[in-house]
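> The structure's right below; bear with me while I get my questions together.
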Amino acid sequence: MVANSIENMPEYVGETHRGDLVLPEAVATREELIRGNPSYHDITEIVCKMAETPFSQTHIGWRVGFAISASLAAMFFGLIAYLIWEGIGIWGNASPVFWAWDIVNFVFWVGIGHAGTLISAVLFLFRQKWRTSINRYAEAMTIFAVICALVFPGIHVGRIWVIYWVFPIPNSMNMWPNFRSPLLWDVFAVGTYFTVSLLFWYVGLIPDIATLRDRVKNRAAKIAYGAFALGWRGSMRHWLHYERAYLLLAALSTPLVLSVHSVVSFDFAVAQLPGWHTTIFPPYFVAGAIFSGFAMVQTLVLPARKWLGLKDIVTMKHIENMNKIILVTGSIVGYAYAMEFFIAWYSGNQYESFAFVNRAFGPYAWAYWIMVSCNVISPQLFWFKKLRTSIAVSFIIAFFVNIGMWFERFVITVTSLNRDFLPSSWHYFSPRIFEPLFLLGSFGLFFTLFLLFVRYLPVIAMAEVKSILPQANPHEGHHS
Amino acid sequence: MKQTSTTYGILAEYDSTHGIYGACEKVRDAGYKKWDACTPFPVHGLEKAMGLSASKLPWMVLGAGIAGAALAIIFMVWVSAFDYPLNIGGKPTWSIPAFIPVMFEVTILFSALVTVFGMFWLNGLPSWHNPLFQSVRFERVTDDKFFIVIESSDPLFDQVRTQKLLEDTGAINTEVLEA
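Okay, here's the thing in structure tokens:
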């Protein structure tokens with residue numbers, strides 16, 4: 037964000053001496069980051085409009101969407117209660133497929149979260165100013181996706197009342213968890229990821245929540261926003277530490293986000309199972325995570341920019357940039373699929389070769405080819421500028437990528453397990469009715485949280501967007 | 153006019169980053185210490201115009217990161233090799249490579265917590281009450297207006313002269329705030 041000032045100090049000093057103001061104008065007009073040359077106040081008005089609408093005037097689309105999402109979320113909680121009551125036997129998991137949709141959904145949701153961190157942290161460190169229009173969105177998506185992700189490993193243990201065994205808490209049994217297990221690494225990785233993402237999001241929100249505090253008329257809303265704004269008053273002495281904190285969080289989140297999906301991939305890669313036991317997994321999982329996350333950002337941003345009237349802030353430039361990232365990461369994922377096959381053949385290991393031939397031509401070939409069509413073929417259309425700058429095409433391909441990335445995790449988990457070393461124990465896994473309902477329910481929870489977010493919080497980082505407007509440069513007035 | 157003990161300070165309002173930048177330079181050069189600039193977003197280079205030194209936060213975070221890494225590795229070695237050694241496939245109980253992921257995550261966790269709460273501590277947040285909030289015009293500090301406040305506790309503070317100084321810097325409005 038805000039590090040614009042820290043980051044660009046040398047450039048600004050240089051410009052002052054030369055007496056021109058190339059940078060901010062170039063950023064704001066040539067690249068079309070923000071359209072229509074708005075004032076600071078215009079930005080405030082556009083972004084705060086939704087949060088300030090009285091409940092009685094809330095858009096009908098939001099109400100319908102919220103009613104559906106909240107119902108699905110309620111169903112999700114009901115299903116979780118039933119699962120705890122009845123046990124995980126309600127799922128179709130059976131020997132040798134003991135890991136199925138629960139883990140698939142977990143990896144799917146964690147992966148989606150990664151784009152949010154990438155946008156908020158990695159693009160920030162690379163000074164990609166276009167991120168300011170979409171980072172708040174993407175960070176919110178991260179948090180809600182990680183919440184959905186955390187539910188699945190939580191409930192798949194079956195006896196949820198002893199879930200505290202996964203944490204190193206002193207207990208009367210005098211037992212400790214096994215720190216050499218990748219599953220425990222995962223507890224730390226995802227737990228840290230959720231905590232840090234939440235802090236990052238909240239820190240970014242503080243100045244914007246203060247804006248709402250100073251604008252809303254409703255007393256209850258004023259108290260609520262006021263409490264979370266912590267008494268923020270835009271003090272430059274505060275901004276100094278704040279910007280430094282934001283930069284540090286970005287610098288900490290960048291290796292964190294790479295580590296999280298690497299550790300998730302260790303859940304598979306450290307096991308001695310053909311199809312899982314490969315060294316390509318960490319980078320392949322990270323690329324896939326970013327790929328799926330950007331697709332989900334597109335799925336959320338494209339309708340929202342239309343319905344919330346944010347077309348001047350989230351411009352075609354942003355959509356095209358995200359499509360380029362989808363193209364790059366989709367190609368990396370396609371390369372990883374090919375390399376897995378090559379290594380399976382090149383290793384000369386018959387079990388490894390069998391696992392991959394089984395994957396592409398065995399009983400789950402349909403899932404494999406859905407994955408390849410959605411993840412490898414469909415993003416290649418973004419080589420054409422006409423297609424990557426089309427809203428409809430962007431939305432459809434993003435949707436396909438979401439489907440494809442869910443199938444990727446299904447293919448990795450289930451096809452590697454279903455035909456193990458002893459043919460007599462082979463088993464074709466089929467889900468029961470509950471698995472799709474759990475997945476649907478997790479989408480309900482995700483969209484419930486997301487709709488609450490777009491309704492009550494600033495969906496665009498106002499302070500950040502204001503700081504990249506041309507007039508935000510204090511030296512603007514000298515020569516114009 | 154002599155300053156009264158109930159005066160918190162004088163608030164001056166500006167409507168551009170250019171305006172407040174020049175004003176901050178003048179207030180800084182006049183020698184004031186107990187003063188502040190309040191802006192809707194961090195104005196580029198304004199900390200230089202105010203004469204502020206760099207934040208000490210990174211050093212606190214470095215300390216937290218080292219503490220997190222040390223604590224994690226010591227704890228895992230103690231648990232795995234001394235307090236509760238488990239023989240898993242005959243593998244060594246004291247296996248540093250297996251401890252790297254958790255050590256890394258704990259390092260990040262400690263650093264991030266200190267980054268955020270250290271920033272709150274340095275900024276004195278939360279502080280829900282501040283005399284600045286009594287000004288109605290100040291509500292736009294989070295929207296599109298820029299402010300300088302000089303506190304009466306500054307040794308150079310003199311209600312008339314300080315107000316004159318702020319008016320001369322091009323403020324579009326000045327007001328005296330009660331404590």
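Protein chains in written order, with my numbering: chain Z, 37 to 516; chain R, 153 to 331. Positions of the beta carbon are idealized from the N, C-alpha and C atoms, including for glycine. Since the structure is predicted, the reported quantities are computational estimates derived from the model, not experimental observations.
Determine contact between the segment 198 to 206 of chain Z and the segment 479 to 487 of chain Z, defined as no fewer than three beta-carbon pairs at a distance below 8 Å.
no
> Counting only Cβ pairs nearer than 7 Å, list the residues of chain R close to alanine 246 of chain Z.
Thr294
> Using C-beta distances below 6 Å, list every residue in its chain close to valine 333 of chain Z, excluding the 5 sequence neighbours before and after it, in chain order.
Excluding the 5 residues flanking it on each side, valine 333 of chain Z has same chain C-beta neighbours closer than 6 Å at Ala151, Ala174, in chain order.
> Does the Cβ of aspartate 320 of chain R have 16 or more other Cβ atoms within 10 Å, making it buried, or fewer, making it exposed?
exposed
> Look at the alpha carbon of alanine 396 of chain Z and the alpha carbon of tryptophan 405 of chain Z, and state the distance between them as a whole number of angstroms.
7 Å
> When you compare only the Cα positions, how much space is there between phenylalanine 102 of chain Z and phenylalanine 112 of chain Z?
15 Å
> Could you give the residue range of the beta strand (DSSP E) that holds tryptophan 187 of chain R?
187 to 190
> I'd like to check one pair, leucine 186 of chain Z with phenylalanine 230 of chain Z: are the Cβ atoms closer than 8 Å?
yes
> Look at valine 146 of chain Z and valine 232 of chain Z and say whether their C-beta atoms are less than 8 Å apart.
no
> Can you look up leucine 94 of chain Z in the DSSP assignment and give me helix, strand or coil?
It is worth fixing the name first, because residue 94 of chain Z is threonine in this sequence and not leucine. In the three-state reduction of the DSSP assignment, threonine 94 of chain Z falls in the coil class, being assigned neither a helical nor a strand state.
> Just checking my contact of serine 279 of chain R with arginine 280 of chain Z at CB under 8 Å: how many whole Å lie between their CB atoms?
About 19 Å; that fails the 8 Å criterion.
> Mapping DSSP to helix, strand and coil, what is alanine 157 of chain Z?
helix
> Counting only Cβ pairs nearer than 8 Å, list the residues of chain R close to valine 232 of chain Z.
Per Cβ cutoff of 8 Å: Ile260, Leu261, Ala264.
> When the Cα atoms are used, what is the spatial distance from histidine 77 of chain Z to aspartate 296 of chain R?
Distance between the alpha carbons of histidine 77 of chain Z and aspartate 296 of chain R: 6 Å.
> For alanine 508 of chain Z, go through chain R and note every residue whose CB falls closer than 9 Å to its CB, in chain order.
Thr169, Phe193, Val195, His196
> Quick check on this structure: which residue in R:Ala323, R:Lys316, R:Glu303 has the alpha carbon closest to the alpha carbon of threonine 158 of chain R?
R:Glu303
> Given tryptophan 187 of chain R, which residues of its chain have a CB within under 7 Å of its CB, disregarding the five upstream and five downstream residues?
The beta carbon of tryptophan 187 of chain R sits closer than 7 Å to the beta carbons of Val179, Ile300, Val301, Ile302, Glu303, Asp306 from its chain, once the five residues preceding and following it are set aside; these are given in chain order.
> Excluding the 5 residues preceding and the 5 following valine 322 of chain Z in the sequence, name in chain order all residues of the same chain whose CB lies nearer than 7 Å to its CB.
Taken in chain order, the residues that qualify are Leu294, His297, Ser298.
> Kindly indicate which three-state DSSP category isoleucine 302 of chain R falls into: helix, strand or coil?
DSSP places isoleucine 302 of chain R in strand when its eight states are reduced to three.
> What does a CB cutoff of less than 8 Å around cysteine 410 of chain Z pick up in its chain, not counting 5 residues either side in sequence?
Phe436, Val437, Ile439, Gly440, Met441, Phe443
> By Cβ distance below 6 Å, which residues in the same chain neighbour isoleucine 368 of chain Z in space, the five residues on each side in sequence not counted?
Ala323
> Distance check for phenylalanine 378 of chain Z and asparagine 385 of chain Z, CA to CA, integer angstroms please.
So the alpha carbons of these two residues sit roughly 12 Å apart.
> Take proline 399 of chain Z and list the residues in its own chain whose beta-carbon comes closer than 6 Å to its own, dropping the five residues that flank it on each side.
Tyr464
> Name the chain R residues that come within less than 7 Å of alanine 499 of chain Z, Cβ to Cβ?
Pro192, Phe193
> At 8 Å on the CB atoms, spell out the chain R contacts of tyrosine 278 of chain Z, in chain order.
Pro194, Met271, Asn275
> DSSP state of tyrosine 184 of chain R, grouped into three classes?
coil
> Name, in chain order, the residues that DSSP records as bridge partners for leucine 163 of chain R.
Answer is R:Val301, R:Glu327, bridged to leucine 163 of chain R.
> Would serine 452 of chain Z and tryptophan 343 of chain Z be called neighbours here (beta carbons separated by less than 8 Å)?
no
> Express the C-alpha separation of lysine 165 of chain Z and isoleucine 504 of chain Z in angstroms, rounding to a whole number.
8 Å
> According to DSSP, is serine 271 of chain Z part of a helix, a strand, or is it coil?
strand
> Given a cut-off of 8 Å on the beta-carbon distance, is the pair phenylalanine 215 of chain Z and valine 254 of chain R in contact?
yes
> Scan the segment 191 to 212 of chain Z for residues whose Cβ lies nearer than 8 Å to a Cβ of chain R and list them as they occur along the chain.
Pro204, Asn210, Met211, Trp212
> Tell me the DSSP bridge mates of alanine 130 of chain Z?
Z:Val133
> Which residue spans inside the segment 261 to 338 of chain Z form an unbroken beta strand (DSSP E) run of at least 3?
none
> Just checking: is the beta-carbon of serine 94 of chain R within a distance shorter than 8 Å of some beta-carbon in chain Z?
Examination of residue 94 of chain R is not possible in this model, given that chain R is present from 153 through 331 alone.
> Could you have a look at serine 460 of chain Z and say whether DSSP puts it in helix, strand or coil?
helix
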